[in-house]
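Residue numbers (our numbering): 46 to 416.
(1) One question on the structure: do residue 50 and residue 94 come within less than 9 Å of each other, judged by their Cβ atoms?
(2) Comparing C-alpha positions only, which one of 140, 260 and 240 sits nearest to residue 252?
(3) Provide the residue span of the beta strand (DSSP E) that contains residue 338, from first to last.
(4) Spatial neighbours of residue 358 within its chain, please: CB distance less than 7 Å, with the 5 preceding and 5 following residues excluded, ordered by chain position.
(5) Just reading off the alpha helix (DSSP H) that residue 66 is part of, what are its end residues?
(6) Which residues in the same chain as residue 120 place their Cβ atom closer than 8 Å to its Cβ, once the five residues preceding and following it in sequence are excluded?
(7) On a Cα-Cα basis, can you pick out the residue from 118, 75, 193 and 114 that is closest to residue 154?
(8) In terms of residue numbering, what span does the alpha helix (DSSP H) encompassing residue 386 cover?
(9) Is it true that the CB of residue 197 sits closer than 9 Å to the CB of residue 185?
(10) Confirm, please, whether the CB-CB distance from residue 289 to residue 327 is below 9 Å.
(11) Roughly how many angstroms separate the alpha carbons of residue 438 and residue 261, rounded to a whole number?
(12) Determine the DSSP secondary structure at residue 291, reduced to helix, strand or coil.
(13) Starting from residue 199, follow the alpha helix (DSSP H) in both directions and report where the run begins and ends.
(14) Around the Cβ of residue 101, are there at least 16 other Cβ atoms within 10 angstroms (buried) or fewer (exposed)?
(15) Taking the straight line between their C-alpha atoms, what separation do you get for residue 401 and residue 395?
(16) What is the DSSP secondary structure of residue 188, reduced to helix, strand or coil?
(17) So for residue 405, helix, strand or coil by DSSP?
(18) Give me the Cα-Cα distance between residue 430 and residue 379, rounded to the nearest whole angstrom.
(19) Buried or exposed, going by whether 16 or more other CB atoms sit within 10 Å of the CB of residue 178?
(20) If I measure Cβ to Cβ from residue 65 and keep anything under 7 Å in the same chain, skipping five residues before and after, which residues do I get?
(21) In chain order, what are the residue ranges of uninterrupted beta strand (DSSP E) at least 3 long that sit wholly in the region 210 to 256?
(22) Is residue 304 helix, strand or coil when you go by DSSP?
(23) Report buried or exposed for residue 375, applying the criterion of at least 16 other Cβ atoms within 10 angstroms of its Cβ.
(24) Apply the 10 Å Cβ neighbour rule to residue 258 and answer buried if 16 or more other Cβ atoms are within range, or exposed otherwise.
(25) For residue 79, collect the residues of the same chain with a Cβ closer than 6 Å to its Cβ; drop the 5 residues on either side in sequence, then sort them by chain order.
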């Protein structure tokens, strides 16, 4: 999964600055004092890059990202600049980026390596080949003449295209990943799709596209696929077929106590604890979405979008197991299950009716709990 170029560069700068500060912490106070100027300048460099104060092109970001130590490179150029005006730091950053770009023999080589780094791929890769039964897409960098490279894209229609910028390469590559992801969705994951990463002097086997592109479900998802996942989920768990939301609401009352104004124990001071879990299908920005939400008074609320049917089923089974166990322990006063239909109507049921096998799901000895 690709990482935004700015985020990638920012993480690199933060990591280098963290290492630099650690090295300073190992020094004696006198030495740290003598390095105060370097600390201040490097902190300013860090902040300007992280806050995007400096306008950098994609190619400049790549050049900085591929440096062995970006922070040191910029700082050394700052010292060479011999300026005392902090306002000159942004210019130094761009000048360092330009210098690093000039050190690369070919702009295409810089773009290609940056593209690989952005997608967390081996920087030695010279070609990415994606194939299924009907399609083939090849991305490769080739040396056209000595030390001059070009990036080529070839699809199964035998049309070869030259890609000349980071944005262009990224766009074509993302569209290819989306195309193969949609095909997997259409065939319910059965379409055999492989990826070959060619590295010079190294034998590389085909990789399953599902492993190479782990977010293929999200990429290829369509409203009809999401609806199919939801309908199968309802069918597999014996829920009404027109259900759009199923919510679990549990409440328990516990004694708080305390002392009243007269110094007597407050025997009427109780508080209530609630916990909620919901699974629902809804239209979000003209897209069908399945979500799972959890909320309690002791934890931060969470909300996840679910595409994978196996994860949806597992999350639901985990919720049933959780409430089954709590029911056997008599943790809650009651557990209400609300089923919302597509027409907006609601039906409330006891948890035991929705989950008749709750005693089998619990990990506790039920007999001992009912004595």
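Glycine included, C-beta positions come from ideal geometry on N, C-alpha and C. Please read all numbers here as calculations on a predicted model, not as lab measurements.
Working from what's here:
(1) Sequence index remark: in the chain shown, residue 50 carries index 5 (1-based). Sequence index remark: in the chain shown, residue 94 carries index 49 (1-based). The answer is no: Cβ separation not under 9 Å.
(2) Mapped onto the chain shown, residue 252 falls at position 207. Taking only the C-alpha atoms, the option nearest residue 252 is 240.
(3) Against the chain shown, residue 338 aligns to sequence position 293. Unbroken beta strand (DSSP E) run through residue 338: 332 to 341.
(4) Taking the first residue of the chain shown as 1, we reach residue 358 at position 313. So the qualifying residues of the chain are 278 and 281.
(5) Taking the first residue of the chain shown as 1, we reach residue 66 at position 21. Unbroken alpha helix (DSSP H) run through residue 66: 50 to 70.
(6) Sequence index remark: in the chain shown, residue 120 carries index 75 (1-based). Around residue 120: 83, 86, 87 and 90.
(7) Stepping through the chain shown from its first residue, residue 154 is reached at position 109. Residue 193 is the option with its Cα nearest to residue 154.
(8) Position 341 of the chain shown, counted from the first residue, corresponds to residue 386. Note, residue 386: premise wrong, no alpha helix (DSSP H); beta strand (DSSP E) at 379 to 386.
(9) Looking up residue 185 in the chain shown gives position 140. Looking up residue 197 in the chain shown gives position 152. Cβ distance < 9 Å, so residue 185 and residue 197 count as in contact.
(10) By one-based count along the chain shown, residue 327 stands at place 282. By one-based count along the chain shown, residue 289 stands at place 244. Yes, Cβ-Cβ distance for residue 327 and residue 289 is below 9 Å.
(11) No statement about residue 438 is possible, as the shown extent of the chain runs from 46 to 416 and does not include it.
(12) Translated into positions along the chain shown, residue 291 becomes position 246. In this structure, residue 291 counts as strand in the three-state DSSP scheme.
(13) To locate residue 199, count along the chain shown from 1; it is residue 154. Where residue 199 is concerned, there is no enclosing alpha helix (DSSP H), although the beta strand (DSSP E) it sits in stretches over 193 to 200.
(14) By 1-based counting over the chain shown, the position of residue 101 is 56. When all chains shown are included, residue 101 counts as buried.
(15) Residue 401 sits at position 356 when you count from the first residue of the chain shown. Residue 395 sits at position 350 when you count from the first residue of the chain shown. Answer to the nearest angstrom: the Cα atoms are 10 Å apart.
(16) Position 143 of the chain shown, counting from 1, holds the residue named residue 188. If DSSP states are grouped into helix, strand and coil, residue 188 belongs with the strands.
(17) Position 360 of the chain shown, counting from 1, holds the residue named residue 405. Of the three classes helix, strand and coil, the one that applies to residue 405 here is helix, per DSSP.
(18) The structure shown has nothing for residue 430, since the chain only spans 46 to 416.
(19) Position 133 of the chain shown, counting from 1, holds the residue named residue 178. Looking at its Cβ environment, which holds fewer than 16 other Cβ atoms inside 10 Å, residue 178 is exposed.
(20) As a working mapping, residue 65 is identified with position 20 in the chain shown. If we look at residue 65 and ignore the five residues flanking it on each side, its Cβ neighbours are 87 and 116.
(21) 239 to 243
(22) Here the question's residue 304 lines up with position 259 in the chain shown. Residue state, collapsed to three classes: strand.
(23) As a working mapping, residue 375 is identified with position 330 in the chain shown. Exposed, since its Cβ has fewer than 16 Cβ neighbours within 10 Å.
(24) Sequence index remark: in the chain shown, residue 258 carries index 213 (1-based). Residue 258 should be labelled buried.
(25) Numbered from its first residue, the chain shown carries residue 79 at position 34. Contacts found: none.
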